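Here my numbering is used: the sequence shown runs in plain steps of one and ends on residue 347. C-beta: ideal position from N, C-alpha, C; glycine also. No experiment lies behind these values; they were computed from the predicted model shown. This report refers to the structure that appears directly beneath it.
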Amino acid sequence: MERQANTQGYGACCNEMDIWEANSAATAFTPHPCNITQVYKCSGSTCGNTNRYAGVCDKDGCDYNPYRLGALSYYQPNATVDTNRTFTVVTQFLTTTGNSTGDLREIRRLYVQDGKIIENALVQVQGIDKGNSITDEFCAQEKKTFDGVNAFATQGGMKGMGDALKRGMVLVSSVWDDAGSSMKWLDSTYPEGSDPTKEPGTGRGPCPATGGSADDLLANAPWTQVKFSNIKTGEIGSTFKGKK
Numbered sequence: 104m105e106r107q108a109n110t111q112g113y114g115a116c117c118n119e120m121d122i123w124e125a126n127s128a129a130t131a132f133t134p135h136p137c138n139i140t141q142v143y144k145c146s147g148s149t150c151g152n153t154n155r156y157a158g159v160c161d162k163d164g165c166d167y168n169p170y171r172l173g174a175l176s177y178y179q180p181n182a183t184v185d186t187n188r189t190f191t192v193v194t195q196f197l198t199t200t201g202n203s204t205g206d207l208r209e210i211r212r213l214y215v216q217d218g219k220i221i222e223n224a225l226v227q228v229q230g231i232d233k234g235n236s237i238t239d240e241f242c243a244q245e246k247k248t249f250d251g252v253n254a255f256a257t258q259g260g261m262k263g264m265g266d267a268l269k270r271g272m273v274l275v276s277s278v279w280d281d282a283g284s285s286m287k288w289l290d291s292t293y294p295e296g297s298d299p300t301k302e303p304g305t306g307r308g309p310c311p312a313t314g315g316s317a318d319d320l321l322a323n324a325p326w327t328q329v330k331f332s333n334i335k336t337g338e339i340g341s342t343f344k345g346k347k
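Pasting the structure below:
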């Protein structure tokens, strides 16, 4: 199959909440809403293949990547969140009413390491309010500042993502080598050839532009692994322990 399981050219569009996309050098959490309410078989333009903004889902999503947002030494080995060691990832979904009946309005991230709660890194980019969570306002500012298209809003925004979560979603975990773009969208300069000193938002992480190819990883890092444990869901604040 040569890593290509889809032989017919069809796609399956559905709302996607990327709770944790990461390696030891960079991380992001990203909601991807769709303007449909169930799994949808697509092909061609409806998948966003020819124009990524012409499909039924937000392929870019609204990402919160600390490095991309100016916190260059927040998440990496020996940093504020030390990726050499075990840590807990906490994601919180806040609604307009403060309970499960309301619409989703905010997604927060924090970490716990060595019993200490580590708040998410604050935005350090001019043009985006100095917060540390995902909201409709943050997404609009990020897209404008980074010269992007706010498909997040047109495909449903926070409410659309929240509605999908209410309907029920499947938790999936994987190790991915990304044969298409070598994970540069997560941990390097992307799009390729961009200049982060002149083009805000193109610096996604500290990894070199020449690294990360899937073939190289398969040949030279077959030991690549991740360990997930103690996965919990519950009321806000109930799934972890730590001190600030």
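For residue i, the three-state DSSP class (helix, strand or coil)
i    : result
S341 : coil
R188 : coil
R121 : Sequence inspection shows Asp at residue 121; the Arg mentioned does not correspond to that position. Reduced to three states, the DSSP call for D121 is strand.
A254 : helix
E245 : helix
T149 : helix
A322 : helix
K144 : strand
L268 : helix
A115 : strand
V289 : Sequence check: residue 289 is Leu here, not Val. In this structure, L289 counts as helix in the three-state DSSP scheme.
A59  : Given a span of 104 to 347 for the chain in the structure shown, any question on residue 59 remains unanswerable.
Cβ-based burial, residue i [other Cβ within 10 Å; buried from 16]
i    : result
S277 : exposed
S291 : buried
I237 : buried
P423 : Within the shown structure, residues of the chain are numbered from 104 to 347, placing residue 423 beyond reach of any answer.
P325 : exposed
R212 : buried
G259 : buried
R208 : buried
N323 : exposed
N118 : buried
Short Cβ contact (8 Å threshold) for residue i with residue j
i    : j    : result
L320 : T313 : no
F331 : L268 : no
Q111 : P309 : no
F249 : P303 : yes
M120 : M261 : no
S228 : G158 : As written in the sequence, residue 228 is Val, which differs from the Ser given in the question. No; because the gap between Cβ atoms is not below 8 Å, this pair is not in contact.
K350 : G230 : Since the first residue shown for the chain is 104 and the last is 347, residue 350 is missing from the structure and cannot be characterised.
I210 : P311 : no
G315 : S285 : yes
Inter-residue CB distance, residue i and residue j (contact presumed, cutoff 8 Å)
i    : j    : result
E245 : C165 : 7 Å
A224 : N235 : 6 Å
K233 : V226 : 5 Å
A254 : Y167 : About 16 Å separates the two Cβ atoms, so there is no contact after all.
K162 : G151 : 5 Å
L289 : A131 : 6 Å
Cutoff 6 Å; reference residue i; Cβ partners in own chain excluding five residues on either side
i    : result
K287 : Y293
F343 : T191, V193, V215
C145 : G114, C116
Y170 : A129, G308
D280 : A317, L320
C-beta neighbour in chain C for residue i, strict 8 Å
i    : result
I237 : This model lacks chain C altogether, as it is built from one protein chain only.
Close Cβ partners of residue i (< 8 Å) along its chain, the five nearest in sequence each way excluded
i    : result
T204 : T198
T336 : T342
Close-in-space but distant-in-sequence residues of the same chain around residue i (CB under 7 Å, 5 per side omitted)
i    : result
K346 : G218, K219, I220
T186 : S127, Y178, Q179, P180
V329 : V278
E222 : L213, N235
V184 : Y177, Y178, F190, Y214, Q216, I221
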